[in-house]
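Report on one structure; see the data block that follows.
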Amino acid sequence: MNPPIDRLRTIVAKLRAPDGCPWDREQTHESLKPHLLEECYELIDAIDARDDKELKEELGDLLLQVVLHSQMAAEERRFTLDDVAEIISNKLVNRHPHVFGENRLPDSESVVRQWDQIKRVEKQERKSALDGVPKALPALARAQKVQSKASRIGFDWNTAEEAFAKVHEEIMEVASASDEALAEEVGDLLFAIVNFTRKKRLDAEQLLNRATAKFSERFQSIEQLAQERGLDFSSLSLSEMDALWDEVKNST
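In short: position in the sequence shown from 1, add 119, done, that's the numbering used here.
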């Protein structure tokens with residue numbers, strides 16, 4: 120029996136064949152970009168839910184995207200799925216000499232420094248330490264990635280307290296900003312907050328996602344509470360909504 124990965128490759132090739140699926144045959148690398156992002160986010164949801172059944176399914180959906188892109192390239196004789204697997208295998212071996220070679224490292228920080236050194240040798244065409252940060256990353260994640268890259272060559276606050284002082288400084292600048300300067304100052308404040316969370320070894324993107332999820336859950340709870348009490352939620356005053364909010368907040 121063929122390995123499951125070979126079966127998947129055969130199925131995708133059939134879907135893309137002249138007598139295959141019209142939708143699959145129409146797809147391009149560009150048209151699949153929204154689907155790729157969606158699958159990544161759904162996988163993250165499955166990880167957060169700690170549901171193995173869902174996790175397996177979402178990993179499969181993401182794997183399908185890899186196989187589809189590889190199949191399209193193979194049809195144009197550019198590269199194959201095997202080429203993709205070979206490249207990542209070689210990269211992993213090359214960037215882990217402490218595992219596949221003689222040089223042992225004591226901790227993860229040493230591993231990260233070594234990884235960056237090896238990567239700089241591999242990517243000599245890059246001129247800036249910030250090159251290689253994907254432009255398509257969500258804003259908070261991109262800010263944190265840029266800050267991390269700058270930090271690895273020493274451009275960083277020494278402590279989280281120094282980064283937090285910068286947050287206070289940016290808050291004061293937002294408070295005194297003119298209408299023309301407000302957007303820029305708020306952007307600086309967001310960037311400073313990301314810097315502080317990074318120094319605290321927290322992920323700003325995940326933190327905001329959790330805060331948004333918490334807000335959504337509480338908001339839906341006060342909607343439900345209003346309905347249970349026969350109240351027209353949209354007609355309530357802000358103070359009445361706040362009272363319901365505090366009630367829900369205190370009960371959780």
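For glycine and all other residues, C-beta sits at the position ideal for the given N, C-alpha and C.
Taking buried to mean at least 16 other C-beta atoms within 10 Å of its own C-beta, is Q166 buried or exposed? Note on identity: in this sequence residue 166 is Ile, with Gln being the wrong assignment. By the neighbour-count rule (16 or more Cβ atoms within 10 Å), I166 is not buried but exposed.
Please state if the CB of L156 and the CB of H188 are separated by a distance shorter than 8 Å. no
From A204, L327, F334 and E303, residue whose alpha carbon lies closest to that of D125: A204
In terms of residues, what are the limits of the alpha helix (DSSP H) holding E336? A323 to E347
Hey, quick one: how far does the alpha helix (DSSP H) through D351 stretch, first residue to last? Run containing D351: none; DSSP gives neither H nor E here.
Residue environment, H177, which counts as buried when at least 16 other CB atoms sit within 10 Å: One detail in the question is off: residue 177 reads as Glu in this sequence, not His. Answer is buried; the Cβ neighbour count reaches 16.
With V252 as the anchor, note down where its alpha helix (DSSP H) starts and where it stops. No alpha helix (DSSP H) holds V252; DSSP gives it neither H nor E.
Between the beta-carbon of F315 and the beta-carbon of A269, is there less than 8 Å? no
When you compare only the Cα positions, how much space is there between T350 and K368? The sequence given here places Leu at residue 350; Thr does not occur at that position. Distance between the alpha carbons of L350 and K368: 19 Å.
Of the residues L355, A255, D164 and M291, the one placed nearest R329, counting alpha carbons only: D164
Rounded to the nearest angstrom, what separates Q343 and P253 at their Cα positions? 41 Å
Measuring CB atoms only, is the segment 242-250 touching the segment 284-296, in the sense that at least three cross pairs come out at less than 8 Å? no
Can you tell me the Cβ-Cβ gap for Q263 and V313, rounded? I've got them flagged as a contact below 8 Å. 5 Å
State the DSSP-derived secondary structure class of K246, mapped to helix, strand or coil. coil
Identify, in the order they occur along the chain, each residue of the same chain with its Cβ nearer than 6 Å to the Cβ of H217, setting aside the five sequence neighbours on each side. R223 and L224
So is the beta-carbon of L363 under 7 Å away from any non-hydrogen atom of the ligand NAD? Absence of the ligand NAD is noted for the structure shown, with no ligands found whatsoever.
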